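Shown next, in structure tokens, is the structure this report addresses.
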Amino acid sequence: MVRSLGRSIILLFLILAAASTGEKEAPDNDGRIVQSLFRFPASKLGPEFEQLLNLWYDEWLYTTNNENGTAIITPDPSGKQHALQSVSIPATTLFRRQCYGAAPIKSPQFTNLYNNLEQRRKEIEFQYIQDPKEEMTMLHTMVKRFYPAFSTVDNHSGTSAAVHLHKKKVVSTEDTIHAKTNLPLDYDSPSKLAFQTLKLSSPDTTDDDDDDDDSPTQQWSWRPAGQFSNRGMSNFLQWRVKFYHTMRTKLQRQLSKETPGFKFSHGRPSGMYWYPPGAVREWHSNYLDLIGNTKEKKTGNEKIYASQTWRMYFIRTVRDEEFDGLLQNLGVGGISADVDDHSAMHIIPGEDEGITLDVLQKAGARPLTKEEKQRQWKDEFAEEYSNSTFAGEEVVDSGEEGTLNRNSVWRLPDKNGYVTFFRLPKLFHCIVSEEVHRYSLGFAFSDDEVQALLKLAKVDFDVYGDGEGYTDEL
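In terms of this note's numbering, the sequence shown opens at residue 458 and continues consecutively.
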């Protein structure tokens with residue numbers, strides 16, 4: 458019932474938005490933003506955007522403020538405990554390590570397997586199963602059955618990234634940073650991974666304890682390959698309605714000052730995610746998000762889905778004293794209180810013409826370091842691959858200085874309090890968290906909406922054709 462109501466609300470928003478703005482046919486590129494990637498401090502979007510963030514802080518994350526007025530995010534203890542072991546299971550380990558050494562974008566192993574995985578995931582999600590626990594179990598079952606296809610290919614020779622990606626072996630059931638003894642043999646069973654946060658207290662807490670069982674709870678569900686999301690949580694529907702309308706009051710009025718006559722058309726929050734240390738979202742391109750649920754009866758919303766070609770994510774990163782202690786016990790050096798560049802979005806430029814060397818550098822992206830490339834084979838969350846003969850190989854180089862290898866992996870290090878804009882669907886990307894809890898608030902926007910937001914932030918951009926971009930002349 459909840460999932461059906463949620464779908465009805467979303468479709469109603471889309472229909473009303475389409476009716477108020479009208480559907481206009483436009484040339485493919487004329488007036489469209491040229492660049493496909495931007496990143497800058499969220500403060501550039503002004504206090505009106507901060508009000509949206511406060512709604513997220515107060516009514517979802519239940520934060521407290523420090524003496525400087527900064528929202529303090531405290532990871533949900535029950536979710537953190539589940540993640541401590543779940544990030545070390547074989548499937549999560551494989552997908553996390555592949556984020557540091559993907560096959561070339563044009564290799565069949567890369568495009569076919571990852572696109573197939575994304576399609577299977579969406580086929581399950583688009584069923585809108587009323588019981589979110591059932592949906593999660595189905596997703597984890599699918600991933601557990603599917604991930605071995607990424608790790609075993611026999612009778613191959615050569616040293617290309619496409620080959621050695623498949624020759625890696627994942628054996629991650631003992632002596633990790635989180636589990637000093639063997640994990641239970643059935644720990645990665647779909648029923649155990651289909652976890653939802655329910656209490657702020659630990660599972661050992663009883664009704665006789667002094668803990669306040671009525672405390673507000675961050676609601677999260679553990680999604681494959683390994684991260685939490687809001688999907689399936691009943692509280693999200695009411696929150697989303699309030700957030701949707703808040704966008705269309707003060708923020709919309711402020712945007713219309715820079716872009717006269719501006720109104721949000723279909724812009725919406727697209728999801729909330731929590732990546733504990735070791736969590737990952739595998740390589741994907743979100744190409745099916747621009748199609749929607751095409752297996753159902755046509756609703757007229759296909760053009761709306763197709764128009765939402767941009768994603769914007771606001772990022773908060775939080776260090777964890779308990780996890781830092783585990784790193785120290787493991788002998789990891791150089792631990793600091795810094796929260797930046799301990800999680801990241803990795804991208805492959807591929808065929809996206811809006812990704813150039815200049816665009817990458819202006820956004821703060823960089824090639825992987827030698828140490829980061831080594832995380833293909835070994836990290837603090839699972840032991841070394843049993844076959845280490847490929848440990849000396851390199852991932853595809855980013856290119857000589859001043860050039861760009863479009864099949865290479867680039868790292869966009871997370872910066873606390875920043876927003877990232879990127880365009881779908883040609884940009885393959887993955888998310889990794891190494892030493893921090895990474896919280897992200899996502900939005901789906903059209904090109905026109907992104908242009909208005911960039912103008913408000915006074916961020917330079919170009920457009921195709923006779924359209925008018927923006928240059929801050931001050």
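Ideal Cβ placement from N, Cα and C applies to all residues, glycine included.
For clarity, every value in this text was computed on a predicted model and none was experimentally measured.
{"Query": "Going by the CB atoms, is the gap between leucine 884 and isoleucine 812 shorter than 8 Å?", "Result": "yes"}
{"Query": "Pull up the DSSP beta-bridge partners for serine 678, would you.", "Result": "Gln653 and Ser686"}
{"Query": "If you follow the alpha helix (DSSP H) that tyrosine 701 is part of, which residue opens it and which one closes it?", "Result": "692 to 703"}
{"Query": "Quick one: what's tyrosine 896 bridged to in DSSP?", "Result": "Trp731 and Arg773"}
{"Query": "Name, in chain order, the residues that DSSP records as bridge partners for asparagine 522.", "Result": "Ala528"}
{"Query": "Quick one: Cα of leucine 913 to Cα of histidine 539, how far?", "Result": "41 Å"}
{"Query": "With the cut-off set at 8 Å, would you say threonine 877 and tyrosine 701 are in Cβ contact?", "Result": "no"}
{"Query": "Taking the alpha-carbon positions, what's the methionine 729 to methionine 593 distance?", "Result": "16 Å"}
{"Query": "Please report the distance separating the alpha-carbon of tyrosine 921 from that of phenylalanine 567.", "Result": "31 Å"}
{"Query": "Find the nearest neighbour of glycine 503 within the set Leu747, Met704, Ala822 and Tyr585, judged by alpha-carbon distance.", "Result": "Met704"}
{"Query": "Taking just the CA atoms, how far does arginine 554 sit from glutamate 808?", "Result": "23 Å"}
{"Query": "Among Asp871, Gly683, His886 and Val907, whose alpha-carbon lies nearest the alpha-carbon of proline 498?", "Result": "Asp871"}
{"Query": "Less than 8 Å between the beta carbons of valine 737 and valine 600, yes or no?", "Result": "no"}
{"Query": "Hey, could you find the ends of the beta strand (DSSP E) leucine 869 is sitting in?", "Result": "867 to 870"}
{"Query": "Whole angstroms are fine: how far does the CA of glutamine 653 sit from the CA of serine 793?", "Result": "31 Å"}
{"Query": "For aspartate 515, does the count of other Cβ atoms within 10 angstroms reach 16, so buried, or fall short, so exposed?", "Result": "exposed"}
{"Query": "Quick one: residues in its chain with C-beta nearer than 8 Å to the C-beta of glutamate 739, no 5 flanking neighbours on either side, listed in chain order?", "Result": "Phe552, Gln555, Cys556, Tyr571, Leu574, Ala682 and Cys887"}
{"Query": "Skipping 5 residues on each side, what residues in its chain have a beta carbon closer than 6 Å to that of glutamine 833?", "Result": "Arg554, Tyr557 and Gly558"}
{"Query": "Taking all protein chains shown into account, do 16 or more other C-beta atoms lie within 10 angstroms of the C-beta of serine 614, making it buried, or fewer, making it exposed?", "Result": "Low confidence applies here, because serine 614 scores a pLDDT of 41, under 50, leaving its location unreliable and the question unanswered by this model."}
{"Query": "Are the beta-carbon atoms of alanine 548 and tyrosine 604 separated by less than 8 Å?", "Result": "yes"}
{"Query": "Confirm, please, whether the CB-CB distance from arginine 768 to serine 727 is below 8 Å.", "Result": "yes"}
{"Query": "Excluding the 5 residues preceding and the 5 following isoleucine 546 in the sequence, name in chain order all residues of the same chain whose CB lies nearer than 6 Å to its CB.", "Result": "Asp645"}
{"Query": "Any beta carbon of chain C sitting closer than 8 Å to that of phenylalanine 719?", "Result": "Although the question refers to chain C, the structure presented lacks it and comprises just one protein chain."}
{"Query": "Under 6 Å Cβ to Cβ from proline 806, same chain only, skipping five residues before and after it: list those, please.", "Result": "Ile812 and Arg863"}
{"Query": "Just to confirm my understanding: we take serine 617, look at its own chain, exclude 5 residues before and 5 after, and list those with CB closer than 6 Å. What are they?", "Result": "Low local confidence applies: a pLDDT of 43 at serine 617 is under 50, so the model's placement there is unreliable, and no value is given."}
{"Query": "For glutamate 892, which residues in the same chain have their Cβ closer than 8 Å to its Cβ, ignoring the five residues on either side in sequence?", "Result": "Pro734, Arg776, Phe780, Asp781, Leu784, Ile792, His799 and Ser800"}
{"Query": "I think threonine 598 touches proline 647, with their Cβ atoms under 8 Å apart; what is that distance to the nearest whole Å?", "Result": "4 Å"}
{"Query": "Could you tell me if leucine 881 is buried or exposed, where buried requires 16 or more neighbouring beta carbons within 10 angstroms of its beta carbon?", "Result": "buried"}
{"Query": "Rounded to a whole number of angstroms, what is the C-alpha to C-alpha distance between leucine 712 and phenylalanine 719?", "Result": "7 Å"}
{"Query": "What ranges does the beta strand (DSSP E) occupy inside the stretch 796 to 828, keeping only unbroken runs of at least 3 residues that lie completely in it?", "Result": "800 to 805"}
{"Query": "Measure the alpha-carbon distance for glutamate 778 versus glycine 788 and round it to whole angstroms.", "Result": "15 Å"}
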